[in-house]
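Trainee: Got a structure here, written out as structure tokens. Questions coming.
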Amino acid sequence: MMIDVWSAVRWWDEWQLRILVLGSLGLQWFLLVAAPMRKYTIPRLLRTCIWLAYVSSDALAIYALATLFNRHAKARSGASCGGTNANGGQAGVLEILWAPVLLIHLGGQRELTAYNIEDNELWTRHAVTLVSQVAVAVYAFYKSWPNSTDKRLWVSAILMFVIGVLSFSEKPWAFKRARIQKLAAVSSLVQGTTRHDGKWEKAYRFCFTDLEEQSARKRGLTTRNRVHMLLSDMSLFAAVSELKRRGVLDSVDQEGTAILSRAIGAERFSKRWLQNAFGLIYTRAKVTWTPAYLAYHLLLVPALHVASITLFAVSHKRGRYNATDVKITYILLCFTAVLDISAFFFRGLIHLVMFVAKVPSLCEWIAQYNLIDAALRRLQPTGWLIKCATRIGCYEGYFDTKHDKLYSKVAGYLVFDLLRSDQIEATTCGEGTEVRSTLLGSFDRSVLFWHIATDLCFTYKPPTFPAHPREVITEAISNYMAHLLNFRPDMLLTGSRQHLFAEAMQQVEAILKLRAGRHFKRPSIQDDMAMVDTIFMRSTSGPGPNEYPLVHEACRLTQELLLLDDETRCELMYHVWVGMLFYSAAMCRGYLHAKSLGEGGEFLTFVWLLLSIKGTKTLSDKLQMPDQPNAPVQQHAQGSQQGKVFQKQEDWELI
Numbered sequence: 001m002m003i004d005v006w007s008a009v010r011w012w013d014e015w016q017l018r019i020l021v022l023g024s025l026g027l028q029w030f031l032l033v034a035a036p037m038r039k040y041t042i043p044r045l046l047r048t049c050i051w052l053a054y055v056s057s058d059a060l061a062i063y064a065l066a067t068l069f070n071r072h073a074k075a076r077s078g079a080s081c082g083g084t085n086a087n088g089g090q091a092g093v094l095e096i097l098w099a100p101v102l103l104i105h106l107g108g109q110r111e112l113t114a115y116n117i118e119d120n121e122l123w124t125r126h127a128v129t130l131v132s133q134v135a136v137a138v139y140a141f142y143k144s145w146p147n148s149t150d151k152r153l154w155v156s157a158i159l160m161f162v163i164g165v166l167s168f169s170e171k172p173w174a175f176k177r178a179r180i181q182k183l184a185a186v187s188s189l190v191q192g193t194t195r196h197d198g199k200w201e202k203a204y205r206f207c208f209t210d211l212e213e214q215s216a217r218k219r220g221l222t223t224r225n226r227v228h229m230l231l232s233d234m235s236l237f238a239a240v241s242e243l244k245r246r247g248v249l250d251s252v253d254q255e256g257t258a259i260l261s262r263a264i265g266a267e268r269f270s271k272r273w274l275q276n277a278f279g280l281i282y283t284r285a286k287v288t289w290t291p292a293y294l295a296y297h298l299l300l301v302p303a304l305h306v307a308s309i310t311l312f313a314v315s316h317k318r319g320r321y322n323a324t325d326v327k328i329t330y331i332l333l334c335f336t337a338v339l340d341i342s343a344f345f346f347r348g349l350i351h352l353v354m355f356v357a358k359v360p361s362l363c364e365w366i367a368q369y370n371l372i373d374a375a376l377r378r379l380q381p382t383g384w385l386i387k388c389a390t391r392i393g394c395y396e397g398y399f400d401t402k403h404d405k406l407y408s409k410v411a412g413y414l415v416f417d418l419l420r421s422d423q424i425e426a427t428t429c430g431e432g433t434e435v436r437s438t439l440l441g442s443f444d445r446s447v448l449f450w451h452i453a454t455d456l457c458f459t460y461k462p463p464t465f466p467a468h469p470r471e472v473i474t475e476a477i478s479n480y481m482a483h484l485l486n487f488r489p490d491m492l493l494t495g496s497r498q499h500l501f502a503e504a505m506q507q508v509e510a511i512l513k514l515r516a517g518r519h520f521k522r523p524s525i526q527d528d529m530a531m532v533d534t535i536f537m538r539s540t541s542g543p544g545p546n547e548y549p550l551v552h553e554a555c556r557l558t559q560e561l562l563l564l565d566d567e568t569r570c571e572l573m574y575h576v577w578v579g580m581l582f583y584s585a586a587m588c589r590g591y592l593h594a595k596s597l598g599e600g601g602e603f604l605t606f607v608w609l610l611l612s613i614k615g616t617k618t619l620s621d622k623l624q625m626p627d628q629p630n631a632p633v634q635q636h637a638q639g640s641q642q643g644k645v646f647q648k649q650e651d652w653e654l655i
């Protein structure tokens, strides 16, 4: 038994570094294939695997470099004491050649520079990592490389070091270029307020500045520049006002306005805008189209890889080095070269596959969460696996991967509704006291009450078949806003209280437990009606108003809505939910929209982008450009049943 243990230890000592470098190569290939998928709506489990590979890739490469350094430090120590070591002398030369390959792996993939938006602010930490790891690799190479080695092998290693150091240097450079402050700097380019540089400064900026950014001053406030400013919480209204004041308002680029003037298909163009926004922050899009980057990757990298592999192939290896190390070196050099040279082709192939498979792009899905359905699910017996997943932070719906066709229905209808009039206004539907009181209250409570009321109305009076598009859209927006309140309250509106949703769910659970124990389901329309009657009875009679206050208020709103005729009720609920959705999108910070893109995106970001390009005032516009004191305010009829978003014209004044 002891012999087997020592054999395993010796085997691990011999194969440890080989396994580490091959594992690092495997992670880079996985990231090459998986990273482009982040631009699409993919299962959260796959997104988690990409995150684990992203975090592990750097750690594995750094650990492999440390192992390489320690092995050869021990080899030199043993040689100085007169001993022998299998890793010293000629036998360990090929391991030294793996050091620059690990530096290339530390450079990462173009499509996965940052995983979270906060990573870009840590560019100095990555710069320190660059210096330290390059120093370790160069020191190990200098101390361990024997003078008697074939010069062709030495030149091959030097060429790989050039690729490794330059590729690794791209990472902190890309982080620095993708910071929010850098995105905001486009405002000065558009307005022509940048400083006048000397000859050398101009040459430097030409080499290391995006080609499209260099023409930004000439083209003015393009759609791409607008996206830059929106993501960095800059005010478009302030920029337009400054350009008007100086008499240099851009009149050339009207791409966004022209696209949004189309009643059909305008939502499809948002895919390109959202993917560009994702690329600006989470990939190396800010450095990819610089002259220096293009010259390096199109000319220098292929030449250096081919020269390095050729020199290694013609060097004297037979009888000098371990045959296994020779094979692993060939694998590392060849597959890393293919990884660098053919990365663009593989990324294009992945995008083609995703397009053919019709995988939804960023923000092209509408999350659905229903409070009453969730309460019914929580009443069912829960297995230990679900309990464990909940404790580690996997909230309900974590593994849900189904994609319905709600996006195409809702997005197209919203764009059409947005373009139909410059002012979004609800239909006047009478003197509803509960309707007015719920809409004039806090926004998060309004969302909660109207979500419960909408569900109860559709349950009590189901839509006819086939359902009217507005009824489908109303229910979809209601469930989506409930999702935001429960899982993304910061995006719904600053200061939204998630605990209101949790309290309402507890109250619904308590009511349903009194109705049918812990096994209540929704198997038929009759049971749905019984459930609605139970909720009405328990929340409005006896101790209900005091015991279930949130559900009680929602039921009072439901009763008032049910008094309206079907067409009026449908129109009212549709306008209220569209107003709430538009208001939430416009009042959400651009930084939060940018952050959500790294997590798969939210439909709210799609709405926000369309509203912003169309000319709706966002939160930053309202803070930077206060309303004029003599601006006319539209007077609505008393009793007009409208959402908080419709209360003042200045909330939805469009340019």
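Read left to right, the sequence shown gives residues 1 to 655 (UniProt numbering).
We put the CB at the ideal spot given by N, CA and C, even for glycine.
Values in this document were obtained by computation on a predicted structure and should not be read as measured data.
Could you name each continuous alpha helix (DSSP H) segment of 4 residues or more that falls completely within the region 425 to 477, going from the start of the chain to the end?
Mentor: 433 to 439, 443 to 460
Trainee: In the structure shown, what three-state DSSP assignment does residue 250 receive?
Mentor: Bear in mind that the predicted position of residue 250 carries a pLDDT of just 49, short of 50, making it too unreliable to give a figure here.
Trainee: Grouping DSSP H, G and I as helix and E and B as strand, with all else coil, what is residue 361?
Mentor: strand
Trainee: State the start and end residues of the unbroken alpha helix (DSSP H) segment that holds residue 490.
Mentor: 489 to 492
Trainee: As a quick exercise: from 615, 602, 590, 577, pick the residue whose alpha carbon is nearest that of residue 229.
Mentor: 590
Trainee: Run through DSSP, which three-state label would residue 563 get?
Mentor: coil
Trainee: Would you decide whether residue 318 is buried or exposed? Buried here means 16 or more other CB atoms lie within 10 Å of its CB.
Mentor: exposed
Trainee: In whole angstroms, give me the CA-to-CA distance for residue 19 and residue 342.
Mentor: 24 Å
Trainee: Of all the options 69, 151, 159, 107, which has the alpha carbon lying nearest to the alpha carbon of residue 143?
Mentor: 69
Trainee: Could you name the residues of the same chain whose beta carbon sits closer than 8 Å to that of residue 154, not counting the 5 residues immediately before and after it, in chain order?
Mentor: Excluding residues up to 5 positions away in sequence, 145 lie with their Cβ nearer than 8 Å to the Cβ of residue 154 in the same chain.
Trainee: Going by CA-CA distance only, name the one from 149, 446, 124 that's closest to residue 177.
Mentor: It is 124 whose Cα lies nearest to the Cα of residue 177.
Trainee: Within its chain, find whatever has a CB closer than 8 Å to the CB of residue 378; leave out the 5 residues flanking it on each side and keep chain order.
Mentor: 505, 509
Trainee: What are the boundary residues of the alpha helix (DSSP H) that includes residue 109?
Mentor: Segment: none, residue 109 is in no alpha helix (DSSP H) and carries neither H nor E.
Trainee: Just curious, the alpha helix (DSSP H) that residue 334 is in, first and last residue?
Mentor: 323 to 341
Trainee: So, do the region 605 to 615 and the region 581 to 595 have three or more beta carbon pairs nearer to each other than 8 Å?
Mentor: yes
Trainee: Taking Cβ positions, are residue 486 and residue 370 nearer each other than 8 Å?
Mentor: no
Trainee: Taking the alpha carbon of residue 352 as the reference point, which residue from 235, 239, 37, 601 has its own alpha carbon closest?
Mentor: 37
Trainee: So if DSSP puts residue 293 in a beta bridge, which residue, or which two residues, is it bridged to?
Mentor: Bridge partners of residue 293: none, in fact.
Trainee: Measuring alpha carbon to alpha carbon, tell me which residue in 288, 372, 388, 556 is nearest residue 344.
Mentor: Considering only alpha carbons, the answer is 288.
Trainee: Looking at C-alpha atoms only, which residue of 514, 366, 147, 374 is the closest neighbour of residue 455?
Mentor: Of the candidates 514, 366, 147, 374, the residue whose Cα lies closest to the Cα of residue 455 is 374.
Trainee: Residue 65 and residue 137 - do their beta-carbons sit closer together than 8 Å?
Mentor: yes
Trainee: Quick check on the DSSP output: the alpha helix (DSSP H) that includes residue 310 runs from which residue to which?
Mentor: 301 to 314
Trainee: Starting from residue 685, trace the alpha helix (DSSP H) in both directions and tell me its first and last residue.
Mentor: A query on residue 685 cannot be resolved here, the shown segment of the chain reaching from 1 to 655 and no further.
Trainee: Is there a Cβ from chain C that is less than 8 Å from the Cβ of residue 560?
Mentor: The question asks about chain C, but that chain is absent: this structure has only one protein chain.
Trainee: Which of helix, strand or coil does DSSP assign to residue 40?
Mentor: strand
Trainee: Identify, in the order they occur along the chain, each residue of the same chain with its Cβ nearer than 8 Å to the Cβ of residue 237, setting aside the five sequence neighbours on each side.
Mentor: 617, 621, 624, 625, 655
Trainee: Alpha carbon to alpha carbon, what distance is there between residue 494 and residue 332?
Mentor: 50 Å
Trainee: Cα separation between residue 52 and residue 534?
Mentor: Straight-line Cα distance between these residues: approximately 47 Å.
Trainee: For the ligand FAD, any of its heavy atoms closer than 7 Å to the Cβ of residue 31?
Mentor: In terms of ligand content, the structure shown is empty, and the ligand FAD therefore cannot be addressed.
Trainee: Do residue 406 and residue 476 have their beta-carbon atoms positioned less than 8 Å apart in this structure?
Mentor: yes
Trainee: With DSSP collapsed to three states, give me the class of residue 577.
Mentor: helix
Trainee: Using C-beta distances below 6 Å, list every residue in its chain close to residue 677, excluding the 5 sequence neighbours before and after it, in chain order.
Mentor: Within the shown structure, residues of the chain are numbered from 1 to 655, placing residue 677 beyond reach of any answer.
Trainee: Just checking my contact of residue 58 with residue 106 at CB under 8 Å: how many whole Å lie between their CB atoms?
Mentor: Taking a contact as a CB-CB distance under 8 Å, the pair residue 58 and residue 106 counts as one, their CB atoms being some 6 Å apart.
Trainee: Measuring alpha carbon to alpha carbon, tell me which residue in 28, 109, 367, 122 is nearest residue 283.
Mentor: 109
Trainee: Which of the three DSSP states, helix, strand or coil, is assigned to residue 178?
Mentor: coil
Trainee: Could you give the residue range of the alpha helix (DSSP H) that holds residue 548?
Mentor: Per DSSP, residue 548 belongs to no alpha helix (DSSP H) and is neither H nor E.
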